[in-house]
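Worksheet: one structure, shown below.
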Amino acid sequence: MQVQMSFKGEPSGILYLVPTPIGNLEDMTFRSIQILKEVQFIASEDTRNTQKLLNHFEISTPQKSFHEHNYRERIPQMIERLEKGESIAQVSDAGMPSISDPGHELVSACIEAGIKVVSLPGPTAGLTALIASGLMPQPHYFHGFLPRKKKEQQAALESLKNQAATLIFYESPFRIHKTIQMMSTVFGSERQAVICRELTKIHEEYLRGTLQELAAYLAEQPIKGECCLMVAGASEIEEVAEVDAGSLKEQVEELIKAGKKPSEAIKEIAKRHQLKKQVVYNQYHEIETIGE
Numbered sequence: 001m002q003v004q005m006s007f008k009g010e011p012s013g014i015l016y017l018v019p020t021p022i023g024n025l026e027d028m029t030f031r032s033i034q035i036l037k038e039v040q041f042i043a044s045e046d047t048r049n050t051q052k053l054l055n056h057f058e059i060s061t062p063q064k065s066f067h068e069h070n071y072r073e074r075i076p077q078m079i080e081r082l083e084k085g086e087s088i089a090q091v092s093d094a095g096m097p098s099i100s101d102p103g104h105e106l107v108s109a110c111i112e113a114g115i116k117v118v119s120l121p122g123p124t125a126g127l128t129a130l131i132a133s134g135l136m137p138q139p140h141y142f143h144g145f146l147p148r149k150k151k152e153q154q155a156a157l158e159s160l161k162n163q164a165a166t167l168i169f170y171e172s173p174f175r176i177h178k179t180i181q182m183m184s185t186v187f188g189s190e191r192q193a194v195i196c197r198e199l200t201k202i203h204e205e206y207l208r209g210t211l212q213e214l215a216a217y218l219a220e221q222p223i224k225g226e227c228c229l230m231v232a233g234a235s236e237i238e239e240v241a242e243v244d245a246g247s248l249k250e251q252v253e254e255l256i257k258a259g260k261k262p263s264e265a266i267k268e269i270a271k272r273h274q275l276k277k278q279v280v281y282n283q284y285h286e287i288e289t290i291g292e
């Protein structure tokens, strides 16, 4: 058991996890800029990339590289300086540290050493794209990058096939078409999905449709820019006997009595129970579906 009082108690070194813009520099927060100015040094995934950000905001704090190839030797050095009372800001090239980027190992080492770890809020591509995707935002499951090898990728997708939550992936524009095709095979071609590319930039674009439609589109129009891919969760359980608070038909009727149009009532009840509108429509109109 460990209790961290981030800003109380004896002054000590703090590891700050500072998010950086994922495209638009105006997304940098005042607090993030101030912390980067105050710390003794910045641990950067790519010092050249971060220097552009520092120059833009006139930040003169020195940097040290911290990435997947040198973190083992860097962590003991950083722990030593933090224990002496210095504070460090850790940043990735874009977005939140540790989210598909370096950082987790440093956080774990600091917690083990009893050093305070403070995370600043800021840009993160997955949730930023999700809330504008049109897919159900809750629950959601962030997976990040899939394996590149075909068999490993297929195995990873098979393990997610029955996941009810909306799935969030990051993908390269060079692999997105093949990934969509694989998803169509594993999840089914009619599963709804959304691709968001160039998030927060001038060429930001959302592509919404079924996996089959997206695959056909990408075959004709390859895309550029880093992509966030969101896929609807597995088909909802359509056994209405398990729905509480009365039958679906009765719930729709109650909303109609309250003044809603049938189509609006059906849509609201479907959203309430996270069911397809067709399921509620069939129950309201007492239409039997194949297999029932």
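Residue numbers (full-length UniProt numbering): 1 to 292.
Note that beta-carbon positions come from the ideal geometry of N, C-alpha and C, so glycine has one too.
As the structure is a prediction and not an experimental result, all values here were calculated from the model.
Taken atom to atom, the span from the alpha-carbon of S32 to that of A113 is near 25 Å. Here the alpha carbon of H143 sits roughly 7 Å from the alpha carbon of L167.
The alpha carbon of H56 has as its nearest neighbour, out of P11, L25, D93, T200, the alpha carbon of L25. The beta-carbon separation of I88 and L36, rounded to 11 Å, does not stay under the 8 Å limit for a contact.
Counting the other CB atoms within 10 Å of its CB gives M1 a total below 16, which places it among the exposed residues. Secondary structure of A89 (DSSP, three-state): strand. When the five nearest sequence neighbours on each side are left out, the beta carbons in the same chain lying within less than 8 Å of the beta carbon of M183 are those of L157, R191, A193, L211, V231, in order along the chain. When secondary structure is reduced to three states using DSSP, R175 falls in the coil class, being assigned neither helix nor strand. Counting the other Cβ atoms within 10 Å of the Cβ of V3 gives fewer than 16, which makes it exposed. Minimum Cα-Cα distance from R197 among the listed residues I176, E253, H285, Y284 corresponds to I176.
Membership of R72 in the alpha helix (DSSP H) is indicated by the continuous run 71 to 83. S60 has no beta-bridge partner at all, per DSSP. About 5 Å separates the Cβ atoms of F66 and R74, confirming a contact at the 8 Å cut-off.
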